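Asker: Take the sequence shown: its letter number 397 is residue 397 in UniProt numbering, and every next letter is one higher.
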Amino acid sequence: MCRRFSLTTARYRENFYARLPSKGLIHPRQIDDHPTHVEYCMLMIATKPVRSLLAPRFWNRLLITLMSVLLLCVTTPSQAQRTEKLKIPNLGESSTSLFSAEYEYQLGRAWLRVFRSQAATVNDPLLFSYLEDLIFKLAAESELEDRRLELVVVDNPAINAFAVPGGVIGIHNGLLLHAQTEDELATVIAHEIAHLSQRHFSRRVEFAKTQQPLTLAAMLAGFVLMATAGGDAGMAALAAAQAAAQDSALRYSRSNEAEADRVAMQTIVNAGMDPHAASSMFDRMMQASRYATGSRIPEFLRTHPLSENRIADTRNRARQYPKQIRPAKLDYQLMRARVLNQLSDTPEEAAAKFRKELDGSPRSTAAARYGLVLALTDAGRGDEAALELDSLWAAEPDRLEYVIADARIDMAKNEPHRAAKKLADRLKLNPHNHALTMTYAEALMQDQQAHVAEEVLLEQSKRKGNDPYLWYLLAEVQGLSGNIIGLHQARAEYFILNGILDQAEKQLRYALDLVRNDYTTSAKINQRINDVTEMKAMLES
1 MCRRFSLTTA RYRENFYARL PSKGLIHPRQ IDDHPTHVEY CMLMIATKPV RSLLAPRFWN
61 RLLITLMSVL LLCVTTPSQA QRTEKLKIPN LGESSTSLFS AEYEYQLGRA WLRVFRSQAA
121 TVNDPLLFSY LEDLIFKLAA ESELEDRRLE LVVVDNPAIN AFAVPGGVIG IHNGLLLHAQ
181 TEDELATVIA HEIAHLSQRH FSRRVEFAKT QQPLTLAAML AGFVLMATAG GDAGMAALAA
241 AQAAAQDSAL RYSRSNEAEA DRVAMQTIVN AGMDPHAASS MFDRMMQASR YATGSRIPEF
301 LRTHPLSENR IADTRNRARQ YPKQIRPAKL DYQLMRARVL NQLSDTPEEA AAKFRKELDG
361 SPRSTAAARY GLVLALTDAG RGDEAALELD SLWAAEPDRL EYVIADARID MAKNEPHRAA
421 KKLADRLKLN PHNHALTMTY AEALMQDQQA HVAEEVLLEQ SKRKGNDPYL WYLLAEVQGL
481 SGNIIGLHQA RAEYFILNGI LDQAEKQLRY ALDLVRNDYT TSAKINQRIN DVTEMKAMLE
541 S
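1. What residues are listed by DSSP as bridge partners for His172?
2. Closer than 8 angstroms by C-beta to Arg418: which residues in its own chain qualify, once you throw out the five before and the five after it? Chain order, please.
3. What are the boundary residues of the alpha helix (DSSP H) that includes Val477?
4. Would Ala504 and Leu487 qualify as a contact pair, given that the criterion is a beta-carbon distance under 8 angstroms?
5. Taking DSSP's pairing of strands, which residues face Ala407 in a bridge?
6. Work out the CA separation of Tyr332 and Leu138 for me, nearest whole Å.
7. Go to Ala318, then tell me how far its alpha helix (DSSP H) extends in each direction, as first and last residue.
8. Let's see if you can read the secondary structure: which residues bound the beta strand (DSSP E) around Val373?
9. Mind reading off the beta-carbon distance from Leu330 to Ala366? Whole number of angstroms is fine, and I expect it under 8 angstroms.
10. Buried or exposed: which applies to Leu508, given that a residue is buried once 16 or more other Cβ atoms fall within 10 Å of its Cβ?
11. Within 10 angstroms of its Cβ, does Arg408 collect 16 or more other Cβ (buried), or is it exposed?
12. Are the CB atoms of Glu184 and Met281 within a distance shorter than 8 angstroms?
13. For the beta strand (DSSP E) containing Ala161, list its first residue and its last residue.
14. Which word fits Thr439, buried or exposed, when buried means at least 16 other C-beta atoms lie within 10 angstroms of its C-beta?
15. With burial defined as no fewer than 16 other Cβ atoms inside 10 Å of the residue's Cβ, what is the status of Gly272: buried or exposed?
16. Give the DSSP-derived three-state secondary structure of Val515 in the structure shown.
17. Which partner residues of Thr121 appear in the DSSP bridge assignment?
18. Helix, strand or coil for Asp274 per DSSP?
19. Span of the alpha helix (DSSP H) holding Ile484?
20. Starting from His434, trace the alpha helix (DSSP H) both ways and give me its first and last residue.
21. Give me the residue from Lys413, Arg399, Asn316, Tyr103 with the minimum Cα distance to Leu429.
22. Please go through the same chain and pick out, in chain order, the residues whose beta-carbon is closer than 8 angstroms to the beta-carbon of Lys323, but skip the five residues on each side of it.
23. Label Ala352 either buried or exposed according to how many other C-beta atoms from any shown protein chain fall within 10 Å of its C-beta, with 16 as the threshold for buried.
24. Let me confirm a value: Arg426 is counted as buried when at least 16 other C-beta atoms fall within 10 Å, else exposed. Which label applies?
25. Take the Cβ of Asp513 as the centre, count every other Cβ of all protein chains shown within 10 Å, and call the residue buried at 16 or more, exposed below.
26. For the alpha helix (DSSP H) containing Asp390, name the first residue and the last one.
27. Consult DSSP for Arg326 and reduce its assignment to one of helix, strand or coil.
28. Using only the alpha-carbon positions, how far apart do Arg148 and Ile193 sit?
29. So is Gln448 buried or exposed if we call it buried at 16+ other beta carbons inside 10 Å?
30. Determine the contact status of Ser142 and Asn498, defining contact as a CB-CB distance below 8 angstroms.
31. Rounded to the nearest angstrom, what separates Asp406 and Ala386 at their Cα positions?
Right, here's the structure in full:
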């Protein structure tokens, strides 16, 4: 994959803002002063009467605020550095008495929009499609009733995955480097699906409500002591209240984890995968954390408590099922190669790593050679990349990953017309394939066929309208083709998906000014403005 088209959303956004009209547009701000926002959340609780904490409206506002605070607290100006560990809010749960399933779904999508505005995510259609297929395969064998799932891939080397109420599942691309097999990766994903199917956030909020009056009363007493008798006494009271709450919450959290482990293992078995992979993955995580402290502890373990007992329980449960010997899937190993290339600081560094792996097993050698092709392409060494790809073609001439890699080489060699022809031919065999379609559109744009690229992307938007990069690329080609109305509409969709709602509304109003005499188009744009207004209201309600 050409590195030009594998930038994170943060980089996309930087380029996008540079191209936007200057009037009224600002860059998403970087928040440095996190304590101010945290204090605001504390005040929301501390200044409310105890009885008002049971009011749904208050909990709605507090949950949205906490979502925003947690997201802001994990975003810093140095976020683009790959070594920065992004702290993901574990919101895998939302109260049945406070939120309906449909509202929970809308809440999850609102969370995702805000998350995208703050976090670096990966725009790799091949990797995304692979993970999405695996998620839906597991969901089909799970207890999850509402399967309107949406994936976000975070550009971060840490071991982590998370689930958000409403069906949002997040995966760090770095997780693939630690999970040695597809089955190990599947156990982590199945665990997150189990959190959703068991509605653990719902139950946790209910649990918190039963504990909240006593805990809050103790905390308020601490605040009073701080204001009257002195800081030390007040801090002691606060510490005692927080310790009691944390101990209770930890016990509850561990029971949730145990339940998720049990449910996830049944999902793995139902999907025909190896249940023993769960304990293998846990062992790997425990080993990674054995000598780690503080921020160096794997993120997944900070939000998913892991103990020797939990590993033993998982291993004993797996013994009920026969050990499955599943050959390493080349599909998964190729995706790991893509991730290693993405997380390397330079193409040259990635190429050196892949060359060291070329003497392994046949499958690992094929994956390493594929990674070398990607790295050489990104380094602008297209002829060398083509030679390496030739040996892969000989074994599997029809493999999709190789077809796209070949097209990327042509594009890197400034032969986009040739790439577009190859991709168009393959799309006849795999119509609407998202990775093929996006690469085809990029080749068309490079070949100065903006009008054709626009048609391709408009058609694909009917199937993959939740892909921010699709709207980014569509806005680019519409600008090149002279479709200014479409450009503003595409930019609006990009901003909506990235949680920048004020800018989305501005783009829609720019488009509306250009179609005053077109009733049908005006009506559609006005409806979209109303949609944006409702999204804002949901965050403010």
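All C-beta atoms in this analysis are idealised placements derived from N, C-alpha and C, irrespective of residue type, glycine included. For clarity, every value in this text was computed on a predicted model and none was experimentally measured.
Answerer: Walking through what the data contain:
1. Start at 1 with the first residue of the sequence shown, and residue 172 comes out as number 172. Note: His172 sits in a beta bridge opposite Val154.
2. The count along the sequence shown starts at 1 and reaches residue 418 at position 418. So the list reads Asp410, once near-sequence residues are dropped.
3. Locating residue 477 in the sequence shown gives position 477, counting from the first residue. Secondary structure note for Val477: its alpha helix (DSSP H) is the uninterrupted segment 468-481.
4. In the sequence shown, counting from the first residue as 1, residue 504 sits at position 504. In the sequence shown, counting from the first residue as 1, residue 487 sits at position 487. No, these two residues do not count as a Cβ contact at 8 angstroms.
5. For the purposes of this step, residue 407 is taken as the residue at position 407 of the sequence shown. In the DSSP assignment, no residue is bridged to Ala407.
6. Counting from one through the sequence shown, the residue named residue 138 turns up at place 138. Counting from one through the sequence shown, the residue named residue 332 turns up at place 332. One C-alpha to the other measures close to 15 angstroms.
7. Here residue 318 corresponds to residue number 318 of the sequence shown, with the count starting at 1. Unbroken alpha helix (DSSP H) run through Ala318: 308-318.
8. Numbered from its first residue, the sequence shown carries residue 373 at position 373. Element bounds for Val373: not the beta strand (DSSP E) but the alpha helix (DSSP H), 362-378.
9. For this step, residue 330 is matched to residue 330 along the sequence shown. For this step, residue 366 is matched to residue 366 along the sequence shown. Their Cβ separation, rounded to whole angstroms, is 6 angstroms, which keeps Leu330 and Ala366 in contact under 8 angstroms.
10. Reading the sequence shown from its first residue, position 508 is the one you call residue 508. With 16 or more neighbouring CB atoms inside 10 Å of its own CB, Leu508 falls in the buried class.
11. Taking the sequence shown and counting its residues from 1, the one referred to as residue 408 is at position 408. Arg408 is buried by the Cβ-count criterion.
12. Sequence index remark: in the sequence shown, residue 281 carries index 281 (1-based). Sequence index remark: in the sequence shown, residue 184 carries index 184 (1-based). In this structure, Glu184 lies closer than 8 angstroms to Met281 by Cβ.
13. Position 161 of the sequence shown, counted from the first residue, corresponds to residue 161. Start and end: 161-164.
14. Within the sequence shown, numbered from 1, the residue matching residue 439 stands at position 439. Buried: at least 16 other Cβ atoms inside 10 Å.
15. If you number the sequence shown from 1, residue 272 lands on position 272. Exposed is the call here.
16. Sequence index remark: in the sequence shown, residue 515 carries index 515 (1-based). Coil.
17. In the sequence shown, residue 121 corresponds to position 121, counting from 1. Paired residues: Val154.
18. One-based indexing of the sequence shown puts residue 274 at position 274. Reduced to three states, the DSSP call for Asp274 is coil.
19. Indexing the sequence shown from 1 puts residue 484 at position 484. Per DSSP, Ile484 belongs to the alpha helix (DSSP H) from 484-497.
20. In the sequence shown, counting from the first residue as 1, residue 434 sits at position 434. First-last of the alpha helix (DSSP H) with His434: 434-446.
21. As a first step, residue 429 must be located in the sequence shown, where it is residue number 429. The shortest C-alpha to C-alpha distance from Leu429 to any of Lys413, Arg399, Asn316, Tyr103 is the one to Arg399.
22. Looking up residue 323 in the sequence shown gives position 323. Same-chain partners within the cutoff: Asp274, His276.
23. In the sequence shown, counting from the first residue as 1, residue 352 sits at position 352. Classification for Ala352: exposed.
24. Within the sequence shown, numbered from 1, the residue matching residue 426 stands at position 426. So Arg426 ends up on the buried side.
25. In the sequence shown, the residue the question calls residue 513 occupies position 513. Exposed is the call here.
26. Numbered from its first residue, the sequence shown carries residue 390 at position 390. Counting along the chain, the alpha helix (DSSP H) containing Asp390 begins and ends at 382-395.
27. Indexing the sequence shown from 1 puts residue 326 at position 326. In this structure, Arg326 counts as coil in the three-state DSSP scheme.
28. If you number the sequence shown from 1, residue 148 lands on position 148. If you number the sequence shown from 1, residue 193 lands on position 193. For Arg148 and Ile193, the distance between alpha carbons rounds to 12 angstroms.
29. Within the sequence shown, residue 448 is the residue found at index 448, counting from 1. By the neighbour-count rule (16 or more Cβ atoms within 10 Å), Gln448 is not buried but exposed.
30. Along the sequence shown, one-based indexing puts residue 142 at 142. Along the sequence shown, one-based indexing puts residue 498 at 498. Not closer than 8 angstroms, so no.
31. Stepping through the sequence shown from its first residue, residue 406 is reached at position 406. Stepping through the sequence shown from its first residue, residue 386 is reached at position 386. Distance between Asp406 and Ala386, taken at the CA atoms: about 7 angstroms.
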